[in-house]
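Numbering (my numbering), first residue to last: 966 to 1123. All remarks here apply to the structure that follows.
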Ligand code: FES
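Okay, structure coming up:
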């Protein structure tokens, strides 16, 4: 696996330039928000230290960045993470265990090895949700009806 990403020279407004490592992807962990990982409020445990440990241990830091963020928005789905890779956004919910951290980094490493975006593995696919109107997954069949009832996929569009 390639360990480095390219460095670009980025022009600034002042006509000066700065070097910037252009990375393959980025992992955002909702780790310091109001809900994700807040067991005292009844939300599931978040393996935050394991996310940090594996990011360093796997040697991917020069191609794939990690950010521990505040609230990402979809609190009702806690615990939420966002994987961005080659322009794709993969939103995942219910990331509640160390085993889930393994799955996410194994998925990221598979994409780094292949040097391309890959669909999430089956173990994560059920927790992949649509966050943007244009997204890497289409769950528009789950749109809220006028009466506020969410139809099942089997009856959507009927
Ligand atoms: S606190 Fe995690 S999505 Fe809001």
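For glycine and all other residues, C-beta sits at the position ideal for the given N, C-alpha and C. Because the structure is a prediction, the values reported are computed rather than measured.
Pull up the distance between the alpha-carbon of residue i and that of residue j, whole angstroms please.
{"i": "residue 981", "j": "residue 1073", "result": "34 Å"}
{"i": "residue 1001", "j": "residue 1008", "result": "6 Å"}
{"i": "residue 1092", "j": "residue 1080", "result": "23 Å"}
{"i": "residue 1021", "j": "residue 1094", "result": "27 Å"}
{"i": "residue 978", "j": "residue 984", "result": "14 Å"}
{"i": "residue 997", "j": "residue 1052", "result": "25 Å"}
{"i": "residue 1098", "j": "residue 966", "result": "33 Å"}
Going by the C-beta, is residue i closer than 7 Å to any heavy atom of ligand 1?
{"i": "residue 1130", "result": "What the structure shows of the chain is the stretch from 966 to 1123, and residue 1130 is not part of that stretch, so it cannot be assessed."}
{"i": "residue 1037", "result": "yes"}
{"i": "residue 1007", "result": "no"}
{"i": "residue 998", "result": "yes"}
Using alpha carbons as the reference points, say which of the options lies closest to residue i.
{"i": "residue 1066", "options": "1079, 1088 and 1080", "result": "1088"}
{"i": "residue 1059", "options": "1023, 983 and 1003", "result": "1003"}
{"i": "residue 1025", "options": "1063, 1077 and 1103", "result": "1077"}
{"i": "residue 1103", "options": "983, 1055 and 991", "result": "1055"}
{"i": "residue 1050", "options": "1064, 1070 and 1038", "result": "1070"}
{"i": "residue 1044", "options": "1083, 993 and 1086", "result": "993"}
{"i": "residue 1017", "options": "1010, 1042, 1006 and 1032", "result": "1032"}
{"i": "residue 1035", "options": "1019, 1090 and 1013", "result": "1013"}
Please say whether residue j and residue i have beta carbons closer to each other than 8 Å?
{"i": "residue 988", "j": "residue 1030", "result": "yes"}
{"i": "residue 968", "j": "residue 1023", "result": "no"}
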